[in-house]
Ligand code: AMP
Ligand code: MG
């Protein structure tokens, strides 16, 4: 039994206490406007959608936030269903669309901003202050002629993947709820609208800093400094006394981004649109669009059909992370006296990435193959495995999961090793590799059962494959949301065997390879 408070729908619609809304970003925006005539965004309201309905509600997250059971069942115009669809606001909220700029596909794109996101406010919760943001609640001053909507298809993908990443232990914005409306939205064909409620300690992106760095307004450096100070005060308080706060912030973001990239790589996740406006200042995975978890391993895998040159391929992600950090560094340069991008302290901080990422990556590869100690030859061992997997187009998730049960106490060719061995068409090459692996495991006195248990905590059994999301989308389009909810439950515990979910752990069906995911969302 949960000891969470219970809300009964016969009462008036539940809402958080108005005093719980802190709204720091709206306050900062007002302050910047008053002092510099440069707000951080525009106070705004959602454009109502007709007949919203719940598609999914994240009860676990709502409970963490201190919301009572049944919070979503209220009736009336200001019920949660309407607020989280952008049709109403609760007292205490200060909805704001923020402005940012960014580099898209390596080119300076100028002003972008929350074209379809609306920050409802920042709420103080038992797990700390959290910003609550709607995605798809209508056009804003930053929509640039687009419609401000998100379609049900991409919203289901964002909802499920946010929670799948969280289940994997990878930093991410969260998804609190998903509502749908029959409102028609034009993409390649007509689709219908949906609104995802996202939750994160902050939705500030690299692009927010780039925006003020590039704006040629008088005293824009002061605005940039105010943003740095606000982010530090709230999210990195230990940096408040740093000799140079902008440099210290950069250093922290370098670390977090290096870790995040290693985490993505280690589960075969491709983000798909790593533009600087999609990079979180907290090192969270943010803005789920044409993302994908790889089925067959291909280091050059491009998950975004619109990414013609593979700028954001799986293999390129770590380097693009660095490229984006350089863009952030460049934006912060005016606040770092005497610093030139190619020399001095900024370069030293950026170089931290070149040490941090490979170290984080190698640590994860080691853990994925179950090595408890470190030896110089480990990197070669892992890279050779990845090369074999790539040559044979082996399924990324299944191969690592089956490797968990590798028996080092038996011959490589023993039937007990067949589940993983049989994945490799080139048995000879696998056997040669597996003998090295076996020797390496024996050298550290690895105990098979213990290692298997350890490996099964880092090599997921279930990831959100495109075809799984696609099946949930097709059903939800017909009004049946059960598959969205089932996948949400499944992916909350991606490492645990869940009876009845064998198909979710299996190879993707043939039709999966024909799914094309583009920027259209
Ligand atoms: P993305 O790369 O999908 O995160 O989006 C890049 C920029 O385009 C952001 O500023 C978004 O807010 C904006 N954008 C994307 N789709 C829409 C839309 N349908 N309506 C308004 N703005 C959008
Ligand atoms: Mg974006």
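Residue numbers (our numbering): 5 to 525.
Beta carbons are placed, not taken as given, at the ideal position from N, Cα and C, and that holds for glycine.
Can you give me the start and stop residues for the alpha helix (DSSP H) that residue i sits inside?
i: residue 301; result: Segment: none, residue 301 is in no alpha helix (DSSP H) and carries neither H nor E.
i: residue 107; result: Taken as a continuous stretch (DSSP letters only), residue 107 belongs to no alpha helix (DSSP H), being part of the beta strand (DSSP E) at 105-108.
i: residue 87; result: 84-87
i: residue 457; result: 452-459
i: residue 481; result: 470-481
i: residue 356; result: 348-372
i: residue 45; result: First-last for residue 45: 45-47, but that is the beta strand (DSSP E), not the alpha helix (DSSP H).
i: residue 393; result: 382-395
i: residue 327; result: 321-336
i: residue 60; result: From DSSP, residue 60 is part of no alpha helix (DSSP H) but of the beta strand (DSSP E) over 57-61.
i: residue 36; result: 28-40
i: residue 211; result: 210-218
Assuming residue i and residue j make a contact with CB atoms under 8 Å, what is their CB distance in whole Å?
i: residue 203; j: residue 180; result: 5 Å
i: residue 476; j: residue 491; result: 5 Å
i: residue 183; j: residue 57; result: 6 Å
i: residue 459; j: residue 408; result: 4 Å
i: residue 209; j: residue 282; result: 7 Å
i: residue 277; j: residue 172; result: Between residue 172 and residue 277 the Cβ distance is about 20 Å, and since that is not below 8 Å, they are no contact.
i: residue 96; j: residue 140; result: Incorrect: roughly 23 Å between the Cβ atoms, too far for contact.
i: residue 339; j: residue 229; result: 6 Å
Can you grab the Cα-Cα spacing for the pair residue i / residue j, in whole Å?
i: residue 510; j: residue 299; result: 10 Å
i: residue 321; j: residue 274; result: 8 Å
i: residue 316; j: residue 52; result: 35 Å
i: residue 279; j: residue 86; result: 32 Å
i: residue 41; j: residue 106; result: 21 Å
i: residue 404; j: residue 420; result: 16 Å
i: residue 353; j: residue 268; result: 22 Å
i: residue 5; j: residue 78; result: At residue 5 the pLDDT is 40, less than 50, meaning the model places this residue with poor confidence; the figure from the coordinates comes in the next sentence. Roughly 22 Å separates the two Cα atoms.
i: residue 433; j: residue 392; result: 8 Å
i: residue 38; j: residue 227; result: 11 Å
i: residue 45; j: residue 518; result: 40 Å
i: residue 318; j: residue 295; result: 10 Å
i: residue 219; j: residue 115; result: 9 Å
i: residue 73; j: residue 487; result: 22 Å
i: residue 389; j: residue 263; result: 22 Å
i: residue 291; j: residue 33; result: 22 Å
i: residue 247; j: residue 232; result: 14 Å
i: residue 252; j: residue 243; result: 6 Å
i: residue 301; j: residue 423; result: 18 Å
i: residue 137; j: residue 121; result: 7 Å
i: residue 412; j: residue 303; result: 28 Å
i: residue 153; j: residue 497; result: 31 Å
i: residue 448; j: residue 378; result: 9 Å
i: residue 485; j: residue 348; result: 55 Å
i: residue 515; j: residue 468; result: 16 Å
i: residue 365; j: residue 359; result: 10 Å
i: residue 470; j: residue 363; result: 30 Å
Along the chain, where does the beta strand (DSSP E) containing residue i start, and where does it finish?
i: residue 73; result: No beta strand (DSSP E) contains residue 73, which DSSP labels as neither H nor E.
i: residue 124; result: 121-127
i: residue 494; result: Careful: residue 494 lies outside any beta strand (DSSP E), inside the alpha helix (DSSP H) at 486-496.
i: residue 114; result: 111-115
i: residue 101; result: 100-102
Does the distance from the CB of residue i to the CB of residue j come in under 8 Å?
i: residue 101; j: residue 118; result: yes
i: residue 335; j: residue 237; result: no
i: residue 70; j: residue 142; result: no
i: residue 128; j: residue 31; result: no
i: residue 289; j: residue 464; result: no
i: residue 527; j: residue 306; result: With the chain represented from 5 up to 525, any question about residue 527 goes unanswered, as that position is not in the structure.
Between residue i and chain B, is there a C-beta pair that is closer than 8 Å?
i: residue 267; result: The structure shown contains no chain B; it holds only a single protein chain.
What are the start and end residues of each continuous alpha helix (DSSP H) run of 4 or more residues lying completely inside the region 226-282, in chain order? 249-270
Going residue by residue through the region 134-206, where are the continuous alpha helix (DSSP H) segments of at least 4 residues, counting only ones entirely within it? 156-172
For the region 408-438, list the alpha helix (DSSP H) runs that are entirely contained and at least 4 residues long, ordered along the chain. You should have 422-425.
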